[in-house]
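So the sequences go chain by chain: A and B. For the first sequence, the residue numbers in my numbering are 5 to 120. For the second sequence, the residue numbers in my numbering are 658 to 769. Each residue gets a CB set at the ideal place from its N, CA and C atoms; glycine is no exception.
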Amino acid sequence: GAGVSQSPSNKVTEKGKDVELRCDPISGHTALYWYRQRLGQGLEFLIYFQGNSAPDKSGLPSDRFSAERTGESVSTLTIQRTQQEDSAVYLCASSLALAGGQETQYFGPGTRLLVL
Amino acid sequence: GQQLNQSPQSMFIQEGEDVSMNCTSSSIFNTWLWYKQDPGEGPVLLIALYKAGELTSNGRLTAQFGITRKDSFLNISASIPSDVGIYFCAGQLARSQGNLIFGKGTKLSVKP
Numbered sequence: 005g006a007g008v009s010q011s012p013s014n015k016v017t018e019k020g021k022d023v024e025l026r027c028d029p030i031s032g033h034t035a036l037y038w039y040r041q042r043l044g045q046g047l048e049f050l051i052y053f054q055g056n057s058a059p060d061k062s063g064l065p066s067d068r069f070s071a072e073r074t075g076e077s078v079s080t081l082t083i084q085r086t087q088q089e090d091s092a093v094y095l096c097a098s099s100l101a102l103a104g105g106q107e108t109q110y111f112g113p114g115t116r117l118l119v120l
Numbered sequence: 658g659q660q661l662n663q664s665p666q667s668m669f670i671q672e673g674e675d676v677s678m679n680c681t682s683s684s685i686f687n688t689w690l691w692y693k694q695d696p697g698e699g700p701v702l703l704i705a706l707y708k709a710g711e712l713t714s715n716g717r718l719t720a721q722f723g724i725t726r727k728d729s730f731l732n733i734s735a736s737i738p739s740d741v742g743i744y745f746c747a748g749q750l751a752r753s754q755g756n757l758i759f760g761k762g763t764k765l766s767v768k769p
């Protein structure tokens, strides 16, 4: 497709279960980002992948959160032993990662996670 | 962590009025972006700014990259009902790896 896609669009889970969220970036975009958006809040950075470089995990809130990316394609964000505080919209974005750092991130529609 | 101060938090205006919102930071940014988010959707890019002092328009929208590189504003002229939504500013810190720092958003409501 032309844009960033994410699945599932909604996920309801029980506290303590693991969840896996998927992101398909725009074809050709080398950079991929995950953000979390709590209700009524702005976006919080979680993790950033750029090509074959080691990912920037500085935004991950705990070791229950992890993410992987296969080459320059699909990424999965995994949350283990989910807690109610993990309830949020998880947004993925991708960009071309142009030289000089001037780049524009394009967002997917997000996955709405509700932990009961 | 780094913060962007976005104001106002919400606005309720008459259709046809002009709107102005802004973001400020204590840090220097090399990119400023403005996004609009509709309910249940991801943010959609409105305007991207890459140079200090840059003034860019997109239809009824105009945004500027502050000369100090620590602020940006977004203006919407002649607002219409479909302008309703939440507007976010986002910045990329100078010499950073790429992740954006977001403001908390300005919720715009337009009365027909």
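When burial is assigned at 16 or more other CB atoms within 10 Å of the CB, is residue i buried or exposed?
| i | result |
| --- | --- |
| Ala-747 (chain B) | buried |
| Thr-74 (chain A) | exposed |
| Ser-739 (chain B) | exposed |
| Gly-673 (chain B) | exposed |
Would residue i pass as a contact of residue j if the rule is Cβ separation under 8 Å?
| i | j | result |
| --- | --- | --- |
| Asn-715 (chain B) | Ile-733 (chain B) | no |
| Tyr-94 (chain A) | Leu-118 (chain A) | no |
| Gln-666 (chain B) | Lys-764 (chain B) | yes |
| Gln-88 (chain A) | Lys-761 (chain B) | no |
| Pro-700 (chain B) | Phe-53 (chain A) | no |
Compute every distance between the C-beta of residue i and the non-hydrogen atoms of the ligand HEM, then say whether any falls below 7 Å.
| i | result |
| --- | --- |
| Ile-685 (chain B) | This structure simply doesn't include the ligand HEM, nor any ligand for that matter. |
Could you pull the start and end residues of the beta strand (DSSP E) that residue i belongs to?
| i | result |
| --- | --- |
| Thr-82 (chain A) | 79 to 83 |
| Val-119 (chain A) | 115 to 119 |
| Glu-24 (chain A) | 23 to 28 |
| Lys-1 (chain A) | Any property of residue 1 (chain A) remains undetermined from this structure, which presents chain A solely from 5 to 120. |
| Arg-42 (chain A) | That residue, Arg-42 (chain A), is in no beta strand (DSSP E); it is neither H nor E in DSSP. |
Taking C-beta pairs closer than 9 Å, name the residues in chain B that residue i reaches, listed in chain order.
| i | result |
| --- | --- |
| Gln-87 (chain A) | Within 9 Å Cβ-Cβ: nothing; Gln-87 (chain A) doesn't reach chain B, min ~21 Å. |
| Pro-113 (chain A) | Gly-697, Glu-698, Gly-699 |
List the residues of chain A whose Cβ lies closer than 8 Å to the Cβ of residue i, in chain order.
| i | result |
| --- | --- |
| Ala-705 (chain B) | Thr-108 |
| Phe-745 (chain B) | Gly-46, Leu-47 |
Give the interface partners of residue i over in chain A, defined as CB-CB distance under 7 Å, in chain order.
| i | result |
| --- | --- |
| Lys-761 (chain B) | Gln-45, Gly-46 |
| Leu-702 (chain B) | Thr-108, Tyr-110 |
Exercise. Contact between the stretch 86 to 98 of chain A and the stretch 28 to 42 of chain A: three or more CB pairs below 8 Å?
Worked result: Result yes; three or more Cβ-Cβ pairs closer than 8 Å.
Exercise. Three or more beta-carbon pairs under 8 Å between the stretch 56 to 69 of chain A and the stretch 9 to 17 of chain A, yes or no?
Worked result: no
Exercise. Is the number of C-beta pairs between the stretch 720 to 734 of chain B and the stretch 681 to 689 of chain B that are closer than 8 Å three or more?
Worked result: When Cβ pairs closer than 8 Å are counted between the two stretches, the stretch 720 to 734 of chain B is seen to touch the stretch 681 to 689 of chain B, the count reaching three or more.
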